[in-house]
Amino acid sequence: MAKSLFEKVWDTHAVRTLPNGQTQLFVGTHLIHEVTSPQAFGMLRDLGLKVLYPKRTFATVDHIVPTNERAEPFSDPLADAMIKELRKNCRDFDITFFDLNSGKQGIVHIVGPEQGITQPGMTIACGDSHTSTHGAFGAIAFGIGTSQVRDVLATQTMALSKMKVCRINVDGKLGRGVYAKDVILHIIRELGVNGGLGFAYEYGGEVFDRFTMEERMTVCNMSIEGGARCGYVNPDDTTFAYLKGRLYCPKGAEWNRAVERWRATASDPGCKYDKVVNIRGEDISPTVTWGINPGQAIFIHENLPEPDSLPEKDRSTAREAFTHMKLKPGQPIKGTKVDVVFIGSCTNGRLSDLQEVARLVKGHHVKAGVKAIVVPGSQGVSKLAEEMGLADTFREAGFEWRGAGCSMCLAMNPDKLIGDQLCASSSNRNFKGRQGSPTGRTILMSPAMVAAAAVTGVVSDAREVFKN
Amino acid sequence: MSLAKITSVTGRGVCVPGADIDTDRIIPARFMKCVTFDGLGEFAFYDERKKADGSDKPHPLNDPRFKGASILLSGSNFGCGSSREHAPQSLYRFGFRAVIAESFAEIFFGNSITLGMPCVTLPRAELQALAAVIEKDPKAEIVVEVQNRKVICAGKSYVAGLPHSAHEALITGKWDAIADLLEGLPEVARVAASLPYAI
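These protein sequence lines are chains C and P, in that order.
In case it helps, the working numbering puts the first sequence at residues 1 to 468.
In case it helps, the working numbering puts the second sequence at residues 1001 to 1199.
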């Protein structure tokens, strides 16, 4: 019987059915970071358990690391305690740790693919909701809580209910200046922030077939913003070309066998999906959020909605969003003044994102009064960007070029909005207070649109700002 | 490991209205700079409850009428966003023992059940009716009957939603999965050996 990738990977990793009906699922690869793991190690010690398969867990530090002054001890004693705790836990339990001095540190969802740890057909878990990113490789990857981090450390398994699969086809072509970020913001706008509840999203169609791995990662990354705990793309030649030669990937004859196996993991033609959604690439324009969740989004040329024109269930959140964002219904979003621009995060902090921004801003300058920071997603991305001269381009254009980490996506490090500053951000969440100030305001958009906001000082259409 | 069988939760309720209340709102990221969950209770809904100077804003959780409430009511997609277990941990430590909402985000739901904090759903109209009852009489007792999937308040009984696996886990005292997972270790070894990949 024809099966989807999700079903194949699930079946390969299902250990047994638990008494409550859930599946005990084997987690092939486990990623950890400093924020959601310390309590898990604490519970492990309390229970007198060890890490069952230490080689299947990889650690890095990303959320709390400063992006400018990185000498230790960190100026924030709490952040300093957290990195020390992770270092100790990795040492005590024999876990590979991509530390600050490794050259491999970075946002966990950028490091995994970059090092070739993320591979097709795997189950991957991490105490971080953006673990869905790894689905870009045809892995089943999902975010978990800290108790489940403990479960995975102790048993390499977790208790999970099987999800349904929703196939999302994006066919046709994307217009100029329309990026992967616009595709996922549009999908979330169309299906809602809880449209994916109980589903894994399988993304496909002509647009995804043409997408690079980094574009696929941007889309899969934000599956969780649509309520889907995991999202994936079937592996193909683009996937294999990206992985070939990466540190943790199979080599030599092993490589050929792996590719054969990975290819067979893809969903079979004619397999059944629980739901199918069809979207035309031509229908998507550059998209920006205007509210306090990623589903509150409009095309750049649209006016802000009147709450009463929305479905009844969305009205109260819309009113709350207008109050928080200090925006007015019926007005254009274009022209809204920005105070800060942020390029980075596990959504859009990869090399191709930085290349595109550098290409666009060359010869332009950040508008006076706008604070602009570029935070590479990993030390690997940082090194390449410096070698390629991108960092120089950013500095010349008036951006601050920083060290690798999560930074202003969630502001657990010193990079924060102040007061009600408005930030044009390439990150993934516009929740109230997300960027470090309870009254701070976030507008999500593609890196190119952030670049346009940076040079004009207002929310702009990148297609009009940059003629190339 | 033997855990309590959670067949029902009784207490007073408080309603924090709104749809899509995310885990950043339940526990802002800056309070996750910690290596234990102790002390998270006082930071539940912090930025919703407190002004920049630390004084109180008007908020249901600051309202003396609802002090001591142990059952939280909210809207749809409650707990969306970040997977942080700090969110249900902070609610639990604040004093909540059950949550009733229109729907729950998946990761938040799983994290809450693992703490033994039932999350049950009610249709919107019934949630609104229940919220109206406790607004009028904050001392009204709410019983979340996990076993029978019912919510009872002021003489009225509502049919609540709770998926089979969570229901079973709570009423049999197996809401923390670790014991069951450890029992499966011999089969885990078999699957590990059968996987076509090793890292």
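Glycine is no exception: its CB is placed at the ideal position from the N, C-alpha and C atoms.
Any non-hydrogen atom of the ligand MN closer than 7 Å to residue i Cβ
| i | result |
| --- | --- |
| S1055 of chain P | Here there are no bound small molecules, and the ligand MN is not part of this structure. |
Nearest neighbour of residue i, chosen from the options [CA to CA]
| i | options | result |
| --- | --- | --- |
| P1064 of chain P | P:N1111, P:I1107, P:R1012, P:C1080 | P:R1012 |
| S427 of chain C | C:D420, C:G405, C:K328 | C:G405 |
| L185 of chain C | C:G116, C:I279, C:V165 | C:I279 |
| D46 of chain C | C:A154, C:F137, C:R210, C:R257 | C:A154 |
| H365 of chain C | C:L384, C:E400, C:A2, C:S345 | C:E400 |
| N256 of chain C | C:A81, C:L243, C:T67, C:D268 | C:L243 |
| K334 of chain C | C:F342, C:M449, C:T238, C:R429 | C:M449 |
| A424 of chain C | C:E85, C:P307, C:K337 | C:K337 |
| F199 of chain C | C:S267, C:I117, C:G226, C:D99 | C:G226 |
| S407 of chain C | P:A1166, P:T1023, P:I1021, P:A1029 | P:A1029 |
| S1076 of chain P | P:D1176, P:A1004, P:C1119 | P:C1119 |
| N413 of chain C | C:A2, C:E34, C:F26 | C:E34 |
| K313 of chain C | P:T1114, P:E1187, P:E1102, P:A1140 | P:E1102 |
| V27 of chain C | C:P269, C:K371, C:Q119, C:K326 | C:Q119 |
| G1081 of chain P | C:E260, C:C230, C:R167, C:V341 | C:C230 |
| V357 of chain C | C:V193, C:V465, C:P54 | C:V465 |
| W290 of chain C | C:A451, C:G145, C:V51, C:L422 | C:L422 |
Closer than 8 Å to chain P by CB, residue i
| i | result |
| --- | --- |
| L390 of chain C | no |
| A154 of chain C | yes |
| F98 of chain C | no |
| E356 of chain C | no |
| P19 of chain C | yes |
| I373 of chain C | no |
| F240 of chain C | no |
| M122 of chain C | yes |
| Y53 of chain C | yes |
| E85 of chain C | yes |
| T218 of chain C | no |
| S129 of chain C | yes |
| M213 of chain C | no |
Where residue i meets chain C, residues with beta-carbon distance less than 9 Å
| i | result |
| --- | --- |
| G1095 of chain P | Residues of chain C passing the Cβ test: none, with the nearest at roughly 20 Å. |
| E1126 of chain P | Those do not exist, as E1126 of chain P stays about 15 Å from chain C at its closest Cβ, beyond 9 Å. |
Nonlocal neighbours in the same chain, by C-beta distance under 6 Å from residue i, ignoring five residues either side
| i | result |
| --- | --- |
| E69 of chain C | none |
| H130 of chain C | H109, N221, C346 |
| R1093 of chain P | L1040, G1041 |
| E1085 of chain P | N1111 |
| A1044 of chain P | S1090, L1091, F1094 |
| K84 of chain C | none |
Amino acids of chain P, ordered along the chain, whose beta-carbon sits closer than 8 Å to that of residue i
| i | result |
| --- | --- |
| A411 of chain C | A1029, R1030 |
| H13 of chain C | V1191, L1195 |
| I64 of chain C | K1033 |
| E320 of chain C | G1018 |
| P438 of chain C | P1028, D1047, A1052 |
Proximal residues of chain P, C-beta to C-beta of residue i below 9 Å
| i | result |
| --- | --- |
| T36 of chain C | M1032, S1083, R1084, E1085, H1086 |
Test: residue i CB closer than 8 Å to a CB of chain C
| i | result |
| --- | --- |
| H1164 of chain P | yes |
| G1068 of chain P | no |
| E1042 of chain P | no |
| C1161 of chain P | Note on identity: in this sequence residue 1161 of chain P is Gly, with Cys being the wrong assignment. No, no contact with chain C. |
| A1101 of chain P | no |
| T1114 of chain P | yes |
| S1076 of chain P | yes |
| D1180 of chain P | yes |
Contacting residues, own chain, Cβ-Cβ under 8 Å from residue i (five flanking each side not counted)
| i | result |
| --- | --- |
| S161 of chain C | G21, Q22, T23 |
| K1005 of chain P | L1170, I1171, T1172, G1173 |
| V207 of chain C | V170, D171, G172, K173, L174, V183, G281 |
| T17 of chain C | T23, Q24 |
Where residue i meets chain C, residues with beta-carbon distance less than 8 Å
| i | result |
| --- | --- |
| E1141 of chain P | Near E1141 of chain P there are no residues of chain C at all, since even the closest Cβ is about 28 Å away, more than 8 Å. |
| K1174 of chain P | P19, N20 |
Residue i: contacting residues in chain P (beta-carbon distance under 7 Å)
| i | result |
| --- | --- |
| G42 of chain C | T1036 |
| R434 of chain C | D1024 |
Partners in chain C for residue i, counting only beta-carbon separations shorter than 7 Å
| i | result |
| --- | --- |
| D1020 of chain P | V193, N293, T317 |
| G1110 of chain P | G145 |
| A1169 of chain P | N20 |
Other residues of its chain near residue i: CB distance less than 7 Å, five sequence neighbours each side excluded
| i | result |
| --- | --- |
| M1032 of chain P | R1084, H1086 |
| P1060 of chain P | V1014, C1015, V1016, F1066 |
What runs of the beta strand (DSSP E), each 3 residues or longer, lie entirely inside the region 163 to 240 of chain C?
164 to 171, 199 to 204, 230 to 233
Between the region 1023 to 1034 of chain P and chain B, which residues of the former have a C-beta closer than 9 Å to a C-beta of the latter?
Reference to chain B is not applicable here, since the protein chains of this structure are C and P.
Taking only runs that begin and end inside the region 69 to 105 of chain C, name each unbroken beta strand (DSSP E) of 3 or more residues, in chain order.
96 to 98
Can you list, in chain order, the stretches of the beta strand (DSSP E) that have 3 or more residues and sit fully within the region 1100 to 1142 of chain P?
Under the rule that a run must span 3 or more residues, the beta strand (DSSP E) segments found entirely inside the region 1100 to 1142 of chain P read 1119 to 1121.
Pick out the complete beta strand (DSSP E) segments inside the region 100 to 163 of chain C, 3 residues or longer, and give them in chain order.
123 to 126, 140 to 143, 157 to 160
Taking the runs of the beta strand (DSSP E) that are 3 residues or longer, which of them lie wholly in the region 1016 to 1102 of chain P?
If we require 3 residues or more, the beta strand (DSSP E) runs fully inside the region 1016 to 1102 of chain P come out as 1071 to 1073, 1098 to 1101.
Go through the region 300 to 353 of chain C residue by residue and report every complete run of the alpha helix (DSSP H) that reaches 4 residues or more, in order.
312 to 325, 345 to 348
Quick one: which unbroken beta strand (DSSP E) runs of 3-plus residues sit fully inside the region 347 to 399 of chain C? Chain order, please.
371 to 374
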